[in-house]
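If you want the working numbering, it's the position in the sequence shown, counting the first as 1, plus 8.
We put the beta carbon where it would ideally sit given N, CA and C, even for glycine.
For reference, the structure is listed below as structure tokens.
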Amino acid sequence: MENFAIIDLGSNSIRLEVDQINDDASYQPILEEKEVVRLSENMGPENTLKRPAIDRTIEAIANFKSKFENLPNLNIKAICTAATRNATNQAEFLEEVFDKTGIRLEVITGQQEAHYDYLGVINSLPIVNGIIMDTGGASTELVLIQNSEEINAISIPQGAVTLTEAQLDTDVPSASQLFQLFDHLNTIYNDIWWLNRGTNLPIIALGGSNRTLAKIKRRNDDTIKEWEDIHGFHMSIQEVKSIFINMLSSNLDERKNISGLSKERADIIIGGLAPAMTLMRRLNSDRMIFSKRGVRFGILHERLANVRNANHAEDNSEETGPRFN
Numbered sequence: 009m010e011n012f013a014i015i016d017l018g019s020n021s022i023r024l025e026v027d028q029i030n031d032d033a034s035y036q037p038i039l040e041e042k043e044v045v046r047l048s049e050n051m052g053p054e055n056t057l058k059r060p061a062i063d064r065t066i067e068a069i070a071n072f073k074s075k076f077e078n079l080p081n082l083n084i085k086a087i088c089t090a091a092t093r094n095a096t097n098q099a100e101f102l103e104e105v106f107d108k109t110g111i112r113l114e115v116i117t118g119q120q121e122a123h124y125d126y127l128g129v130i131n132s133l134p135i136v137n138g139i140i141m142d143t144g145g146a147s148t149e150l151v152l153i154q155n156s157e158e159i160n161a162i163s164i165p166q167g168a169v170t171l172t173e174a175q176l177d178t179d180v181p182s183a184s185q186l187f188q189l190f191d192h193l194n195t196i197y198n199d200i201w202w203l204n205r206g207t208n209l210p211i212i213a214l215g216g217s218n219r220t221l222a223k224i225k226r227r228n229d230d231t232i233k234e235w236e237d238i239h240g241f242h243m244s245i246q247e248v249k250s251i252f253i254n255m256l257s258s259n260l261d262e263r264k265n266i267s268g269l270s271k272e273r274a275d276i277i278i279g280g281l282a283p284a285m286t287l288m289r290r291l292n293s294d295r296m297i298f299s300k301r302g303v304r305f306g307i308l309h310e311r312l313a314n315v316r317n318a319n320h321a322e323d324n325s326e327e328t329g330p331r332f333n
């Protein structure tokens with residue numbers, strides 16, 4: 009038995025998941041935490057992580073560590089994504105995190121992030137064909153799934169925080185700002201040669217901004233009590249458009265009062281949803297399927313596969329028995 013702690017440092021939030029993995033590769037979740045740190049805040053064209061964001065992040069990591077460091081048989085996998093990946097002061101940041109917390113962060117590539125998204129989705133939802141879309145704070149991962157296989161994947165260095173800071177007024181974006189944003193995203197999609205193979209396929213949505221759509225829809229349905237339980241939830245394109253239009257017609261204070269929308273996300277939600285809205289229209293997708301199992305669940309299943317492989321190798325060794333020359 010081992011305790012497996014996963015720290016996932018994104019551009020907007022940092023998350024912790026701790027699972028107990030048994031010798032037979034079964035597992036039980038022990039702990040799940042989230043803190044908004046806005047690591048990519050004000051990075052600017054120089055792509056430099058700024059002091060307030062660094063301090064918030066280190067404080068959050070130290071807080072997470074205090075909750076699992078005394079567990080027996082502990083293994084830790086701590087990863088960071090786009091904000092750290094793109095930062096010109098990446099090395100200094102990683103060194104400071106290790107010096108102050110003892111946690112060594114691993115910077116994963118955009119392709120690795122997309123692959124972990126695929127592992128998380130395919131091991132938790134019955135998806136045969138679709139486009140996975142994980143919109144984070146500073147990047148967006150896209151994965152084409154056909155016959156349940158990962159066919160193509162890409163990471164785009166654009167996300168909720170970076171798009172908002174570069175393109176939009178956080179209170180009420182103007183028509184010209186929105187036009188330029190959607191035109192910018194369409195230009196990016198034009199360069200992804202395989203993307204049109206996803207025409208008419210559903211979008212499997214991950215990331216806090218995308219999942220907000222499902223939370224708003226469920227929160228405003230009086231028949232649903234567990235409104236945050238969105239894994240596997242479906243929404244039609246008409247339902248998605250209706251919620252997005254409502255956001256566009258609201259100012260920041262009004263968005264903060266939308267039931268199901270976190271106040272901490274209200275300033276970046278329009279920029280955060282723009283990639284999905286542009287992609288749904290481009291691919292003529294008729295529905296969005298929501299997943300709460302992305303990168304962290306993919307990392308967990310990678311670890312479970314390693315345990316199963318080790319067990320299989322041990323079983324084969326026992327069946328073969330000792331060899332003598």
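8 Å contact criterion, which residue i and residue j should meet: CB distance rounded
{"i": "threonine 352", "j": "alanine 146", "result": "The requested residue 352 is not part of the displayed model; the chain covers only 9 to 333."}
{"i": "lysine 223", "j": "glutamate 236", "result": "6 Å"}
{"i": "threonine 96", "j": "threonine 56", "result": "5 Å"}
{"i": "isoleucine 162", "j": "serine 299", "result": "Actually they do not touch by this definition, with Cβ atoms about 18 Å apart."}
{"i": "alanine 86", "j": "isoleucine 111", "result": "5 Å"}
{"i": "threonine 286", "j": "asparagine 194", "result": "6 Å"}
{"i": "serine 132", "j": "phenylalanine 305", "result": "6 Å"}
Residue j beta carbon less than 9 Å from that of residue i
{"i": "leucine 189", "j": "leucine 150", "result": "no"}
{"i": "aspartate 16", "j": "isoleucine 22", "result": "yes"}
{"i": "threonine 220", "j": "glycine 268", "result": "yes"}
{"i": "alanine 91", "j": "serine 48", "result": "yes"}
{"i": "threonine 109", "j": "alanine 168", "result": "no"}
{"i": "lysine 10", "j": "leucine 82", "result": "The residue you asked about is not lysine; residue 10 is glutamate in the sequence shown. Taking 9 Å as the Cβ cut-off, glutamate 10 and leucine 82 qualify as a contacting pair."}
{"i": "glycine 118", "j": "asparagine 20", "result": "no"}
{"i": "isoleucine 29", "j": "arginine 227", "result": "no"}
{"i": "asparagine 50", "j": "glutamate 173", "result": "yes"}
{"i": "isoleucine 140", "j": "leucine 214", "result": "yes"}
{"i": "asparagine 40", "j": "valine 26", "result": "Rather than asparagine, the amino acid found at residue 40 in this sequence is glutamate. Cβ distance < 9 Å, so glutamate 40 and valine 26 count as in contact."}
{"i": "isoleucine 307", "j": "isoleucine 84", "result": "no"}
With 16 other Cβ atoms within 10 Å as the buried cut-off, status of residue i
{"i": "glycine 52", "result": "exposed"}
{"i": "proline 330", "result": "The predicted model places proline 330 with a pLDDT of 48, which falls under 50 and marks its position as unreliable, so this point remains unresolved."}
{"i": "aspartate 107", "result": "exposed"}
{"i": "isoleucine 253", "result": "exposed"}
{"i": "glutamate 272", "result": "exposed"}
{"i": "asparagine 333", "result": "Only weak support exists for where asparagine 333 lies, its pLDDT of 40 falling under 50; the value from the coordinates is given anyway. Exposed."}
{"i": "phenylalanine 101", "result": "buried"}
{"i": "aspartate 191", "result": "exposed"}
{"i": "valine 303", "result": "buried"}
{"i": "threonine 148", "result": "buried"}
{"i": "arginine 316", "result": "exposed"}
{"i": "asparagine 218", "result": "buried"}
{"i": "alanine 142", "result": "In the sequence as presented, alanine is not what sits at residue 142; that position holds aspartate. Counting Cβ neighbours within 10 Å, aspartate 142 comes out buried, since at least 16 surround it."}
{"i": "arginine 289", "result": "exposed"}
{"i": "phenylalanine 187", "result": "exposed"}
{"i": "alanine 313", "result": "exposed"}
{"i": "proline 181", "result": "buried"}
{"i": "leucine 183", "result": "Per the sequence shown, residue 183 should be read as alanine rather than leucine. The residue is exposed, with fewer than 16 neighbouring Cβ atoms inside 10 Å."}
{"i": "arginine 6", "result": "Because the chain here runs from 9 to 333, residue 6 falls outside it and cannot be looked at."}
{"i": "isoleucine 232", "result": "exposed"}
Residue closest to residue i, alpha-carbon to alpha-carbon, out of the options
{"i": "isoleucine 200", "options": "Asp27, Leu176, Ile164 and Ala222", "result": "Ile164"}
{"i": "aspartate 261", "options": "Ala284, Asp275 and Ala318", "result": "Asp275"}
{"i": "glycine 138", "options": "Ala168, Glu158, Gln120 and Asn131", "result": "Glu158"}
{"i": "glutamate 77", "options": "Asn319, Asn194, Leu24 and Thr143", "result": "Leu24"}
{"i": "leucine 281", "options": "Leu39, Ile266, Leu152 and Leu256", "result": "Leu256"}
{"i": "threonine 402", "options": "Gln120, Arg59 and Glu104", "result": "Because the chain here runs from 9 to 333, residue 402 falls outside it and cannot be looked at."}
{"i": "serine 250", "options": "Lys225, Arg93, Arg304 and Lys264", "result": "Lys225"}
{"i": "arginine 93", "options": "Val115, Lys75 and Pro80", "result": "Val115"}
{"i": "aspartate 229", "options": "Gly215, Gly216, Leu214 and Glu247", "result": "Glu247"}
{"i": "asparagine 319", "options": "Ser34, Ile232, His239 and Ala13", "result": "Ser34"}
{"i": "leucine 284", "options": "Val44, Gln166, Phe72 and Lys73", "result": "Checking the sequence, you will find alanine at residue 284 rather than leucine. Of the candidates Val44, Gln166, Phe72 and Lys73, the one whose C-alpha sits nearest the C-alpha of alanine 284 is Gln166."}
{"i": "isoleucine 8", "options": "Arg46, His239 and Gln185", "result": "Since the first residue shown for the chain is 9 and the last is 333, residue 8 is missing from the structure and cannot be characterised."}
{"i": "leucine 176", "options": "Glu40, Lys264, Ile277 and Asn160", "result": "Ile277"}
Q: Check whether the region 283-295 touches the region 199-217, taking contact to mean three or more Cβ pairs, one atom from each stretch, closer than 8 Å.
A: The way I'd put it, the region 283-295 does touch the region 199-217; three or more beta-carbon pairs between them come closer than 8 Å.
(Q) Whether or not the region 117-130 and the region 191-198 are in contact is what I'm after, with contact meaning three or more pairs of Cβ atoms, one per stretch, closer than 8 Å; do they touch? (A) Contact fails: fewer than three Cβ-Cβ distances are below 8 Å.
Q. Between the region 238-252 and the region 297-315, do at least 3 Cβ pairs fall closer than 8 Å?
A. The way I'd put it, the region 238-252 does touch the region 297-315; three or more beta-carbon pairs between them come closer than 8 Å.
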